[in-house]
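> 1075 is the number that the numbering used here gives to position 344 of the sequence shown; each next residue is one higher, with no gaps. Got a structure for you, questions after.
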Amino acid sequence: MTNRQTKQRTNHGKKVRGRAASVKGYLKIGLAILIVAGLARGAHLLIQGGNQPAAKPTSTPKTSQSVPASKKEKTAGKRQTLLAQAERHAKQYDYEAAIKQLQDPVFAHDSEATDKIEAYKTAQSQLVRHEDVTDITHVFFHSLIVDPALAFNPPANVDGYNDYMTTVTEFKRMLKAFYAGGFVLVSPHDMVKKVTAADGTETFTAGDILLPEGKKPMVMSQDDVNYYKNMTGFGFADKLVVDKDGAVKAEYIDPKTKKTSVGAYDLVPILDAFIEEHPEFSYHNHKAVICETGYEGALGYHDVKTTGSADFKAAKAVADAMKADGYEFASHFLCPYRLRCGNGSSSPR
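Here is the structure:
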């Protein structure tokens, strides 16, 4: 190799090394710039973040009344409802219905329900059958007098009202006396039961009224729940109505002030309130038999001959509510106090 070639190669090597050094230098400068830029960016974000409000943590929305109840809450609610219904059935001596309520799947593995079922079975086994269904007390009333001052002064039918009517105050006292005497309201359908043979022949036999020892069955009925027009203004209720809660009440119009009140102004709402307080006064939730004459309408509604009339619809709504709550209806075609007249005849009304 000549000296010129050696010198050229040496110079070439220096150039290569110089370029490599330059590249390394550039890389160091670039890396330094990136680091500085990154630090600057971080500082900027830090400063910027410090000037902005902190982000609110994500929270679970509060449950409002519009949100449907959970399955667990619904189950608990159903359980409490069935327990209350079972207890009422038991207080009215209908232990079969009470036990059936507690056999709902909601009571699976429920020790409280199991204990109650056993207690109901024990109480049921101690009931006594009333053997003589012909020996059952029957007490009946007419429309109750709300204001005695109006009913027992002329021009009212003073003698008739005094003989055949009962005041609201007297009726409430009687209910307490019946209850204290161990009486329990039953239905006439509890007294007898219909038996149908294989050939279709129907016969009737004594029913099975099962009550605790010392309790006595009694049938209660009310006649003439029509609120006749000739009784208007003499201290009686005007009609029966269904209130906003679906309960049957009596409407009373004060003849002096013309003010209309709705409340316990006749047998049905008074008896309902008494049984609500003393459920054991009713056998299987049976209440009273309402004996309508059909004269001047029914239940205080006088235009009931046309099924499409407002009075007919209102009377039917009241009757339906009563039947759903333990009342029964019967036709009062005979005057009870004329069944045995002086000549031994029966007098149709």
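We put the beta carbon where it would ideally sit given N, CA and C, even for glycine.
Short of 6 Å in beta carbon distance, which residues of its chain neighbour ALA821, apart from the five on each side in sequence? Order them along the chain.
Within the sequence shown, numbered from 1, the residue matching residue 821 stands at position 90. So the qualifying residues of the chain are ALA829 and TYR851.
> Please list the terminal residues of the continuous beta strand (DSSP E) segment that includes ALA981.
Position 250 of the sequence shown, counted from the start, is the residue given in the question as residue 981. Here the beta strand (DSSP E) through ALA981 covers 979-984.
> With three or more beta-carbon pairs closer than 8 Å as the criterion, would you say the region 804-820 touches the region 830-850?
Enough Cβ pairs lie closer than 8 Å, so yes.
> Which residues in the same chain have their Cβ closer than 8 Å to the Cβ of VAL1035, if we skip the five residues on either side of it in sequence?
Taking the first residue of the sequence shown as position 1, residue 1035 is located at position 304. The residues are GLY1028, ALA1029, ASP1042, PHE1043 and ALA1046.
> What separation, rounded to the nearest whole angstrom, lies between the Cα atoms of VAL915 and LYS1054?
Position 184 of the sequence shown, counting from 1, holds the residue named residue 915. Position 323 of the sequence shown, counting from 1, holds the residue named residue 1054. VAL915 and LYS1054: Cα-Cα distance of roughly 19 Å.
> Along the chain, where does the beta strand (DSSP E) containing GLY994 start, and where does it finish?
Counting from one through the sequence shown, the residue named residue 994 turns up at place 263. 991-994 is the span of the beta strand (DSSP E), which, as asked, contains GLY994.
> Identify the continuous beta strand (DSSP E) that holds GLU1023 and give its terminal residues.
Walking along the sequence shown from the start, residue 1023 turns up at place 292. From DSSP, the beta strand (DSSP E) with GLU1023 extends over 1019-1023.
> Which of the three DSSP states is assigned to MET922 in this structure?
Here residue 922 is taken as the residue at index 191 of the sequence shown, counted from 1. In the structure shown, MET922 sits in a helix (DSSP, three-state: H, G or I).
> Shortest alpha-carbon distance to TYR983 belongs to which of LEU858, LYS946 and THR963?
Counting from one through the sequence shown, the residue named residue 983 turns up at place 252. Of the listed residues, the one whose Cα sits closest to TYR983 is THR963.
> With a threshold of 16 other CB atoms inside 10 Å of the CB of ALA911, please say whether the residue is buried or exposed.
Indexing the sequence shown from 1 puts residue 911 at position 180. Classification for ALA911: exposed.
> Rounded to whole angstroms, what's the CA-CA distance from VAL1020 to PHE872? Just pull it up for me.
Position 289 of the sequence shown, counted from the first residue, corresponds to residue 1020. Position 141 of the sequence shown, counted from the first residue, corresponds to residue 872. So the alpha carbons of these two residues sit roughly 10 Å apart.
> Compare the beta carbon distance of VAL950 and VAL917 with 8 Å and say whether it is the shorter of the two.
Along the sequence shown, one-based indexing puts residue 950 at 219. Along the sequence shown, one-based indexing puts residue 917 at 186. For VAL950 and VAL917, yes; Cβs fall inside 8 Å.
> What is the DSSP secondary structure of TYR721, reduced to helix, strand or coil?
Here the chain covers residues 732 to 1080 and nothing more, so residue 721 does not appear.
> My parser needs the alpha helix (DSSP H) runs of 4 or more residues fully inside the region 788-867; what are they?
For the region 788-867, whole alpha helix (DSSP H) runs of length 4 or above, ordered along the chain, are 802-822, 826-832 and 842-856.
> Where does PHE1060 fall in DSSP's three states?
Position 329 of the sequence shown holds residue 1060. Three-state result, PHE1060: strand.
> Would you check if there are 3 or more beta carbon pairs closer than 8 Å linking the region 976-993 to the region 1007-1020?
Contact between the region 976-993 and the region 1007-1020 is absent, because fewer than three Cβ pairs lie under 8 Å.
> Excluding the 5 residues flanking LYS787 on each side, which residues of the same chain have their C-beta closer than 6 Å to its C-beta?
If you number the sequence shown from 1, residue 787 lands on position 56. Any reading at LYS787 needs caution, since the residue's pLDDT is 49, under 50, leaving its predicted position unreliable; the model's value is listed next. If we look at LYS787 and ignore the five residues flanking it on each side, it has no Cβ neighbours.
> When the Cβ atoms of the region 942-957 are set against those of the region 858-869, are three or more pairs found closer than 8 Å?
Short answer: they touch.
> Determine which residues share a DSSP beta bridge with GLU954 and list them.
On the sequence shown, residue 954 is found 223 positions in, with the first residue counted as 1. The amino acid occupying residue 954 in the given sequence is Asp; Glu does not appear at that position. DSSP lists CYS1022 as partners of ASP954.
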